[in-house]
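Colleague:
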Amino acid sequence: MVAFSIDLIGVGIATAGKGAWSVETVNSPMNNLLRTATWKTGTIRFQVLMDGNMTVKRADWASYCQVNLRQSRNERTLSTREWTMKDPHSWELEFEIELLGPNNVFENWENQFSNQTGWFLDFAIYNPDQTTVFAINGYIEDDFCCAGNTLM
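Quick note: the sequence shown uses the numbering used here, first residue 3, plus one each step.
1) If you reduce the DSSP assignment to three classes, tell me which class residue 47 lands in.
2) For residue 103, which option in 41, 56, 54 and 152 has the closest C-alpha, if you only look at C-alpha atoms?
3) Looking only at its own chain, which residues have a Cβ that is under 6 Å from the Cβ of residue 50, when we skip the five neighbours before and after it?
4) I'd like to confirm the pairing. Which residues does DSSP put opposite residue 138 in its beta bridges?
5) With 16 as the cutoff for other CB atoms within 10 Å, does residue 64 come out buried or exposed?
6) State the Cα-Cα distance for the pair residue 69 and residue 153, rounded to the nearest angstrom.
7) With three or more C-beta pairs closer than 8 Å as the rule, is the region 128 to 138 touching the region 76 to 85?
8) In terms of residue numbering, what span does the beta strand (DSSP E) encompassing residue 123 cover?
9) At what residues does the beta strand (DSSP E) containing residue 36 begin and finish?
10) Per the DSSP calculation, residue 83 is bridged to which residue(s)?
11) Do residue 150 and residue 101 have their beta-carbon atoms positioned less than 7 Å apart in this structure?
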């Protein structure tokens, strides 16, 4: 089993243990906005795509992935949503999160300092040799607003 976790708002990746894999983060305009906006509120839609090893026959496919969406880094926190993805060779998962904070519904960029929760996506991949690529795409909905800049 291989496990990794993604901070959906802070755009960070943490892996559990060592493995023969590589991690690549593409700095999109949305990633930069989420990292640098001091205050944010609204809805963000995410899409998770998995591409598997195409040399494995469909009948021999034995890989599956457990995906958990949590609002805390604490491992004892219950998942907000859970999915088990078993489709051979590729699958797609779509969900949305809503950012709401204590200051006129705005959430502060440093959620651990302002007693807020974050959004984390945890992956546990069983038989990872058959799984090759995970891609996570984000889309900001029309109700999303942000203010301020952490770079100042």
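Backbone N, C-alpha and C fix where the C-beta goes; we use that ideal spot for every residue, glycine too.
Since the model is a prediction, treat every value here as computed from it, not as a measurement.
Modeller: In brief:
1) Here residue 47 refers to the residue found at position 45 of the sequence shown. Three-state DSSP puts residue 47 in a strand.
2) Residue numbering aside, residue 103 sits at position 101 when the sequence shown is read from its first letter. For the residues 41, 56, 54 and 152, the minimum Cα distance to residue 103 belongs to 41.
3) Stepping through the sequence shown from its first residue, residue 50 is reached at position 48. Hits under 6 Å: 95 and 138.
4) Within the sequence shown, residue 138 is the residue found at index 136, counting from 1. The partner list for residue 138 (beta bridge, DSSP) reads 50.
5) As a first step, residue 64 must be located in the sequence shown, where it is residue number 62. Its Cβ having fewer than 16 others within 10 Å, residue 64 is exposed.
6) Position 67 of the sequence shown, counted from the first residue, corresponds to residue 69. Position 151 of the sequence shown, counted from the first residue, corresponds to residue 153. When rounded, the distance between both Cα atoms is 33 Å.
7) Note that the region 76 to 85 does not touch the region 128 to 138; fewer than 3 beta-carbon pairs, one per stretch, sit closer than 8 Å.
8) Along the sequence shown, read from residue 1 onward, the residue named residue 123 stands at position 121. Segment 122 to 128, the beta strand (DSSP E) holding residue 123.
9) The residue labelled residue 36 in the question sits at position 34 within the sequence shown. No beta strand (DSSP E) holds residue 36; the alpha helix (DSSP H) holding it covers 31 to 38.
10) Residue mapping note: residue 83 aligns to position 81 of the sequence shown, counting from 1. Residue 83 has 71 as its beta-bridge partners, per DSSP.
11) The count along the sequence shown starts at 1 and reaches residue 101 at position 99. The count along the sequence shown starts at 1 and reaches residue 150 at position 148. No. Outside cutoff.
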